[in-house]
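One structure below.
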Amino acid sequence: MEHAQIIPEAREGGGTDPETASALPRRRRGRTTLLIAGAAVLGVLAGTVAGYAVQYDREPTPLPPLAQPLPAGPKALAPDDTTTSKTINANRWHKTDDDLAKLLVEAPGGAKVAGTGYEPADAFAAEFFTAPDRALTNLVQTGFRRVASTVWAQDDKVFVKIRLLQFQNRSGADDYQVQQSAYMSDKDRAGNDGVAVPGLSGDLGRVWVDSKAEETPGYLPVRGARAIARRGDVVMDIDYYDNRGKIAERDVIDLAKRQLERL
Numbered sequence: 003m004e005h006a007q008i009i010p011e012a013r014e015g016g017g018t019d020p021e022t023a024s025a026l027p028r029r030r031r032g033r034t035t036l037l038i039a040g041a042a043v044l045g046v047l048a049g050t051v052a053g054y055a056v057q058y059d060r061e062p063t064p065l066p067p068l069a070q071p072l073p074a075g076p077k078a079l080a081p082d083d084t085t086t087s088k089t090i091n092a093n094r095w096h097k098t099d100d101d102l103a104k105l106l107v108e109a110p111g112g113a114k115v116a117g118t119g120y121e122p123a124d125a126f127a128a129e130f131f132t133a134p135d136r137a138l139t140n141l142v143q144t145g146f147r148r149v150a151s152t153v154w155a156q157d158d159k160v161f162v163k164i165r166l167l168q169f170q171n172r173s174g175a176d177d178y179q180v181q182q183s184a185y186m187s188d189k190d191r192a193g194n195d196g197v198a199v200p201g202l203s204g205d206l207g208r209v210w211v212d213s214k215a216e217e218t219p220g221y222l223p224v225r226g227a228r229a230i231a232r233r234g235d236v237v238m239d240i241d242y243y244d245n246r247g248k249i250a251e252r253d254v255i256d257l258a259k260r261q262l263e264r265l
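Using this note's numbering, read the sequence shown as starting at 3 and increasing by one per residue.
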């Protein structure tokens, strides 16, 4: 039960007890402070409610329009006899998704073409690598897709083989290009750092001409050259030989540039 508040009685002469008199003003100030604080809180609440009410009655502010409208895509068509994987994916189709062998550079006039087409992956690994089984496994792991090649001989002096190796993605092509380029400066290879293919940034393409010709008693001196370059998911790998022991670096660079233009 709450205690009743006892107000001191006034003394004769209209006065009050000094101690009681000193306590009364303090009670009045505390009560006034509480009343003021309560009024302030009620004012804030009233203002907040009024603000929500005003916002509720207002029309919603429209969002700004997009900077550019979305492009209108082609309407979907029902498949028919002319439908192919190329027509279905027309917006994502790249010429390297077509017949890769068609992108091989043509042999110069007068050259004898030994063959143009696709190589089986195992045949490529057996011909090109000293450890075919391990090489084939590595190719599969890096997303190897296919390889197209062409071989020709010119004046029984210059012998060229161009390979286009395609991978499932750019990562696999980059892996092959980097690994094959890494050892070309070794003494038992080109023996030099080669030169960059003009028009390609960084180390995306280089040409190496052997520092020395290979000489065997009873045989003509043979000098080799190699060009490796990547464009997208395709790696161009060119082997170039001259059985007179002389190779003009410019000839190999021009051939590499011609092949890259086809890609």
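Heads up, the beta-carbon is just placed ideally off N, CA and C, and yes, glycines get one too.
Query raised in the report: Which whole-angstrom value is the C-beta distance of V153 and G207, which I expect to be below 8 Å?
Result: The sequence position of residue 153 within the sequence shown is 151, counting from 1. The sequence position of residue 207 within the sequence shown is 205, counting from 1. Contact doesn't hold; Cβ gap of about 21 Å is too wide.
Report task. Helix, strand or coil for T139, going by three-state DSSP, please let me know. Result -> Here residue 139 is taken as the residue at index 137 of the sequence shown, counted from 1. In this structure, T139 counts as helix in the three-state DSSP scheme.
Requested in this report: Starting from R208, follow its DSSP beta bridges and name the residues at the other end.
Outcome: Numbered from 1 along the sequence shown, position 206 holds the residue referred to as residue 208. A198, I230.
Requested in this report: Could you check if A80 is buried or exposed, using at least 16 other CB atoms within 10 Å of its CB as the buried criterion?
Outcome: For the purposes of this step, residue 80 is taken as residue 78 along the sequence shown, with counting starting at 1. That one is exposed.
Query raised in the report: With a CB to CB cut of under 6 Å and the five nearest residues on each side skipped, what residues in its chain are close to V149?
Result: Working through the sequence shown from its first residue, we reach residue 149 at position 147. Same-chain partners within the cutoff: E121, F126, R165, L167.
Query - Residue nearest to I240 in terms of C-alpha spacing, selected from L257, L65, F169, E108 - result: Reading the sequence shown from its first residue, position 238 is the one you call residue 240. Of the candidates L257, L65, F169, E108, the one whose C-alpha sits nearest the C-alpha of I240 is L257.
Query raised in the report: What are the boundary residues of the beta strand (DSSP E) that L167 is part of?
Result: As a working note, residue 167 is residue 165 in the sequence shown. Here the beta strand (DSSP E) through L167 covers 160 to 169.
Query raised in the report: How close, in whole Å, do the beta carbons of A113 and Q156 come, if the pair is a contact with beta carbons under 8 Å?
Result: To locate residue 113, count along the sequence shown from 1; it is residue 111. To locate residue 156, count along the sequence shown from 1; it is residue 154. The beta-carbon separation of A113 and Q156, rounded to 4 Å, stays under the 8 Å limit for a contact.
Requested in this report: Could you give the DSSP three-state label for F131: helix, strand or coil?
Outcome: Counting from 1 along the sequence shown, the entry for residue 131 is found at position 129. Per DSSP, reduced to three states, the secondary structure at F131 is coil, with no helix or strand assignment.
**Report entry** Spatially closest choice to V237 from N171, R191, N245, by CA coordinates
**Finding:** Taking the sequence shown and counting its residues from 1, one reaches residue 237 at position 235. The candidate whose alpha carbon is nearest that of V237 is N171.
Query raised in the report: Just the Cα atoms here: how many angstroms apart are L138 and Q179?
Result: Within the sequence shown, numbered from 1, the residue matching residue 138 stands at position 136. Within the sequence shown, numbered from 1, the residue matching residue 179 stands at position 177. When rounded, the distance between both Cα atoms is 16 Å.
Query raised in the report: Comparing alpha-carbon positions, which option in D188, G119, V209, D205 lies nearest I249?
Result: One-based indexing of the sequence shown puts residue 249 at position 247. Cα-wise, what sits closest to I249 is V209.
Query - For K114, the first and last residue of its enclosing beta strand (DSSP E) - result: Position 112 of the sequence shown, counting from 1, holds the residue named residue 114. For K114, the enclosing beta strand (DSSP E) stretches over residues 114 to 120.
**Report entry** Separation of E217 from I230, as counted between CA atoms
**Finding:** Walking along the sequence shown from the start, residue 230 turns up at place 228. Walking along the sequence shown from the start, residue 217 turns up at place 215. Going by the C-alpha atoms only, they are around 25 Å apart.
**Report entry** Residue range of the alpha helix (DSSP H) that includes I269
**Finding:** Any property of residue 269 remains undetermined from this structure, which presents the chain solely from 3 to 265.
**Report entry** Span of the alpha helix (DSSP H), counted from its first residue to its last, around A173
**Finding:** Translated into the one-based positions of the sequence shown, residue 173 becomes position 171. Per the sequence shown, the amino acid found at residue 173 is Ser instead of Ala. Start and end: 172 to 184.
Requested in this report: Determine the burial state of V115: buried for a count of at least 16 other Cβ atoms within 10 Å of its Cβ, exposed for fewer.
Outcome: Numbered from its first residue, the sequence shown carries residue 115 at position 113. When all chains shown are included, V115 counts as exposed.
**Report entry** Contact belief for V254 with Y242 at Cβ below 8 Å, rounded distance in angstroms
**Finding:** Numbered from its first residue, the sequence shown carries residue 254 at position 252. Numbered from its first residue, the sequence shown carries residue 242 at position 240. About 5 Å separates the two Cβ atoms, so the contact holds.
**Report entry** Nearest candidate by alpha-carbon position, reference D135, set D124, Q143, T144, R191
**Finding:** Stepping through the sequence shown from its first residue, residue 135 is reached at position 133. Checked all of D124, Q143, T144, R191; the closest Cα to D135 is D124.
Report task. Give every residue of the same chain whose Cβ lies closer than 6 Å to the Cβ of V162, excluding the five residues on either side of it in the sequence, and list them in chain order. Result -> By 1-based counting over the sequence shown, the position of residue 162 is 160. Taken in chain order, the residues that qualify are W154, Y242.
Report task. Would you decide whether Q158 is buried or exposed? Buried here means 16 or more other CB atoms lie within 10 Å of its CB. Result -> Position 156 of the sequence shown, counted from the first residue, corresponds to residue 158. First, the amino acid is wrong: residue 158 is Asp here, not Gln. Answer is exposed; the Cβ neighbour count stays below 16.
Requested in this report: Going by DSSP, name the residue or residues bridged to R148.
Outcome: As a first step, residue 148 must be located in the sequence shown, where it is residue number 146. According to DSSP, R148 bridges with Q168.
Query raised in the report: Can the beta-carbon of A175 be found closer than 8 Å to that of R232?
Result: Position 173 of the sequence shown, counted from the start, is the residue given in the question as residue 175. Position 230 of the sequence shown, counted from the start, is the residue given in the question as residue 232. Cβ distance < 8 Å, so A175 and R232 count as in contact.
Report task. Using three-state DSSP, classify E216 as helix, strand or coil. Result -> The residue you call residue 216 lines up with position 214 of the sequence shown. Strand, per DSSP.
Query raised in the report: In three-state terms, what does DSSP make of D157?
Result: Along the sequence shown, one-based indexing puts residue 157 at 155. Coil.
Query - Span separating the alpha-carbon of K214 from that of A198 - result: Translated into positions along the sequence shown, residue 214 becomes position 212. Translated into positions along the sequence shown, residue 198 becomes position 196. Inter-residue distance for K214 and A198 is about 20 Å (C-alpha atoms, whole angstroms).
Query raised in the report: If you count every other CB in all the chains shown that lies within 10 Å of the CB of Q261, and 16 or more means buried, which is it?
Result: Within the sequence shown, numbered from 1, the residue matching residue 261 stands at position 259. It is buried - the Cβ of Q261 has at least 16 other Cβ atoms within 10 Å.
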